[in-house]
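A.B. asks: Protein chains in written order, with the numbering used here: chain A, 2 to 332; chain B, 213 to 552.
Please find one structure pasted underneath; my questions will follow.
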């Protein structure tokens, strides 16, 4: 903006939003809105919240708690980039966690339990993918099926009972540490880096955005639309399965009633706060990571300052709407 | 929802006419399934199932879900979606409980108005600020749940039992629960409005092609605002009914209602892309999904096999799957007929 000010004597007041300046202001907020909120929250906490600026608080609380939503939000961002939505992530996390725990409690090795959990999650993702890509069912409906049925399936796996276990290897995703960092942060970091690389350097990454931008012309241009969608839903489900493993690992028990409850809404909210339009065609990995951290930090800030949960919920809703408003597209 | 989902194949001729015809076929089909299930229930479980009492309690129980699904049908027909209805129902119930000492009418009206107010907020964000309905109503889902909890002091809230507020649970007219009669009346009005009034045609026009509707001079924003207010008001009414029937509103009341309502609308054959729909078919969809649970309860009563209540969700999901696949089949068969 400053390069437009020609005379050095121009008063240093906030520029009047004229017609040709407004879009750039809007682009700025669109781009950095979530980051700005994050910075404000961070500074506020640094000043106001005791012990906020400690390793324990920043890494072990804020980042670690943001990881599950953050991981699922990355898969969700991928799905949303194709113009879809995945409501089933919470139920898939419950199924994967429950099955993984069952296999472990049954006496198998932790690796087999991981494989079973991620395998069943992959199956769920392929189920969604087949309905959407092959049968042309709308994503919200197709994933609604597993959202409804999935939790019932998870509960049926053990008749709704909790399964307790104590196996450091199996619980690595939830409790383990690598290089002093909680494992779930490491997993989140790896997933984010991997996804950023895929989006940037592979044709698949291009396809994802192309399908979301204009499906018909993508198909005419030879983009394998069906395969791209299948892969996207499979990825989302496997990441949800991973989060299921994290959740049961943290709790040292699997609870089909509560694992992943409301995960889909948190993930969608994180993606929305990141400024990714739900109409598809755009994707930002770093934005999604920032969105998840912002959302979690907001929740924790409100709770840390004694705001009752129900008021915190109202503020959260308002923040999501405000984030959407400043990031709305110019169309 | 607005994730402009492209049609299954790019080669479609007169998609709306075909979808409307498919919808008719599906409406007839699910009505047939509903009748078959009723006959099956009557034959297998005998007089207990077929008694007025069982059907009455099913009807009374379904009333609140049916109300939410009715509003959802209109929203979806404009191409939008309203995820906030479950929380709005909780808010409506809490407000109704607080006003319940003034009697049934005042209490219910308070719930309806509270719901309509939330609908107005949704409408403002969707039409004025042009935000996506899915995410707007997701945010109000969160915020309104918080508001309802706040108003109820984060605990369950009971209705005043000294006034006639809770009479709804027992009032009967013509052998039917009054709550069910209200719902049936509202569905008939809804179908009539959709078929025979300018507003109904405008709802379908907006959902069919919003830009074309705007170019034709329809007041698109007014139509959209109206359906969100309607959806909110009906959800508020559903909450008031819940409170009047059970005498209290729990903190988790209404959770997940939005998705049950969407499922019922889809089972009824209303397309989520908007522009095509039927109010009565949604009613049949609600009846069908709820009847499944009634049948499970009776099957468990027979003590031949015991179906854990965890199966309910699985069966509901499986049912939705079957309907969705049927829908795909019907549309595809018609496509083949048109293209050949």
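For each residue, glycine too, the CB sits at the ideal point set by N, CA and C.
Should residue 384/B go down as buried or exposed, given a rule of 16 or more other Cβ atoms within 10 Å for buried?
C.D. replies: Exposed.
A.B. asks: Using a Cβ cut-off of 7 Å (strictly closer), state whether residue 156/A contacts chain B.
C.D. replies: By this cut-off, residue 156/A is an interface position.
A.B. asks: Taking residue 522/B as the query, report the chain A residues whose CB atoms sit under 7 Å from its CB, ordered along the chain.
C.D. replies: Residues of chain A passing the Cβ test: 153, 156, 157 and 161.
A.B. asks: Over the uninterrupted alpha helix (DSSP H) stretch that includes residue 426/B, give me the two end residues.
C.D. replies: Taken as a continuous stretch (DSSP letters only), the alpha helix (DSSP H) holding residue 426/B covers 422-427.
A.B. asks: Whose Cβ in chain A lies nearer than 7 Å to the Cβ of residue 525/B?
C.D. replies: The contacting residues are 149, 150, 152 and 153.
A.B. asks: Cβ atoms of residue 305/B and residue 529/B: under 7 Å apart, would you say?
C.D. replies: Against a cut-off of 7 Å, the Cβ pair of residue 305/B and residue 529/B comes out as no contact.
A.B. asks: Select from 322/A, 326/A, 66/A and 43/A the residue whose C-alpha is nearest the C-alpha of residue 185/A.
C.D. replies: Out of 322/A, 326/A, 66/A and 43/A, 66/A has the C-alpha closest to the C-alpha of residue 185/A.
A.B. asks: Under 7 Å, Cβ to Cβ, is there at least one residue of chain B near residue 265/A?
C.D. replies: With 7 Å as the cut-off, residue 265/A does not count as an interface residue toward chain B.
A.B. asks: What does DSSP give as the partner residues of residue 255/A in its beta bridges?
C.D. replies: 164/A, per the DSSP bridge assignment.
A.B. asks: Check the Cβ of residue 232/A against every Cβ in chain B and list those closer than 9 Å, keeping chain order.
C.D. replies: Result: empty, since nearest Cβ-Cβ is about 18 Å, beyond 9 Å.
A.B. asks: Which residues in the same chain have their Cβ closer than 6 Å to the Cβ of residue 224/A, if we skip the five residues on either side of it in sequence?
C.D. replies: Result list for residue 224/A: 208 and 211, in chain order.
A.B. asks: Decide if residue 165/A is buried, meaning its Cβ has at least 16 other Cβ atoms within 10 Å, or exposed.
C.D. replies: Exposed is the call here.
A.B. asks: Between residue 314/A and chain B, is the shortest Cβ-Cβ distance under 7 Å, so that the two count as touching?
C.D. replies: Output row for residue 314/A: interface = yes.
A.B. asks: Answer yes or no: does any C-beta atom of chain A fall closer than 7 Å to that of residue 401/B?
C.D. replies: Closer than 7 Å: no.
A.B. asks: Using beta-carbon positions only, say whether residue 347/B and residue 279/A come within less than 7 Å of one another.
C.D. replies: The answer is yes: Cβ separation under 7 Å.
A.B. asks: Can you tell me whether DSSP reads residue 182/A as helix, strand or coil?
C.D. replies: Strand, per DSSP.
A.B. asks: Does the segment 121-130 of chain A come into contact with the segment 89-97 of chain A, if we say contact requires no fewer than three beta-carbon pairs (one atom in each stretch) closer than 8 Å?
C.D. replies: They touch, by the three-pair rule.
A.B. asks: Going straight from the alpha carbon of residue 103/A to that of residue 174/A, what length do you get?
C.D. replies: In a straight line, the C-alpha of residue 103/A is about 17 Å away from that of residue 174/A.
A.B. asks: Checking the sheet assignment: what are the DSSP bridge partners for residue 284/A?
C.D. replies: BP columns for residue 284/A are empty, so no partner.
A.B. asks: Could you give the DSSP three-state label for residue 293/B: helix, strand or coil?
C.D. replies: Coil.
A.B. asks: Counting pairs of Cβ atoms below 8 Å between the segment 498-507 of chain B and the segment 407-419 of chain B, do you hit three or more?
C.D. replies: Short answer: they don't touch.
A.B. asks: So which of 295/B, 273/B, 521/B and 465/B has the shortest CA-CA distance to residue 351/B?
C.D. replies: The option with the nearest alpha carbon to residue 351/B is 295/B.
A.B. asks: So what does DSSP say about residue 96/A, is it helix, strand or coil?
C.D. replies: Looking at residue 96/A - three-state DSSP - the assignment turns out to be helix.
A.B. asks: Counting only Cβ pairs nearer than 9 Å, list the residues of chain A close to residue 538/B.
C.D. replies: None at all; the shortest Cβ gap to chain A is about 11 Å.
A.B. asks: Using beta-carbon positions only, say whether residue 98/A and residue 213/A come within less than 7 Å of one another.
C.D. replies: No, these two residues do not count as a Cβ contact at 7 Å.
A.B. asks: If contact means a Cβ-Cβ distance below 8 Å, which residues of the segment 129-142 of chain A contact chain B?
C.D. replies: Listed by position along the chain: 132, 136, 137, 138, 139, 140, 141 and 142.
A.B. asks: Is residue 416/B closer than 7 Å to residue 286/B when the C-beta atoms are compared?
C.D. replies: It is not a contact, given that the beta carbons lie outside the stated cut-off.
A.B. asks: So with CB distances below 9 Å, who are the chain B contacts of residue 326/A?
C.D. replies: Result: 337, 341 and 343.
A.B. asks: Return no unless some Cβ of chain B is closer than 7 Å to the Cβ of residue 261/A.
C.D. replies: Residue 261/A does not count as touching chain B.
A.B. asks: Do the segment 313-328 of chain B and the segment 465-485 of chain B meet, that is, are 3 or more Cβ pairs less than 8 Å apart?
C.D. replies: With the cut-off at 8 Å, the segment 313-328 of chain B and the segment 465-485 of chain B do not touch.
A.B. asks: Taking the C-alpha atoms as reference points, what is the distance between residue 319/A and residue 313/A?
C.D. replies: Using only the alpha carbons, I get a separation of about 10 Å.
A.B. asks: Got a sec, what are the start and stop residues for the alpha helix (DSSP H) residue 267/A sits in?
C.D. replies: Unbroken alpha helix (DSSP H) run through residue 267/A: 264-274.
A.B. asks: Using the beta-carbon of each residue, which ones in chain B are nearer than 8 Å to residue 318/A?
C.D. replies: The answer, in chain order, is 351, 352, 353, 354, 355, 356 and 358.
A.B. asks: Is residue 273/A close to chain E, meaning its C-beta is less than 7 Å from at least one C-beta of that chain?
C.D. replies: Looking for chain E here will not work: the only protein chains present are A and B.
A.B. asks: For residue 9/A, count neighbouring C-beta atoms within 10 Å of its own C-beta (all shown protein chains included) and say buried if the count is 16 or more, exposed if not.
C.D. replies: Any reading at residue 9/A must be qualified, since the residue scores a pLDDT of 43, below 50, and its modelled position is unreliable; the value itself is stated next. The residue in question, residue 9/A, is exposed, as its Cβ has fewer than 16 Cβ neighbours within 10 Å.
A.B. asks: If you pair each beta-carbon of the segment 215-235 of chain A with each one of the segment 150-163 of chain A, do three or more pairs fall below 8 Å?
C.D. replies: No, the segment 215-235 of chain A does not touch the segment 150-163 of chain A.
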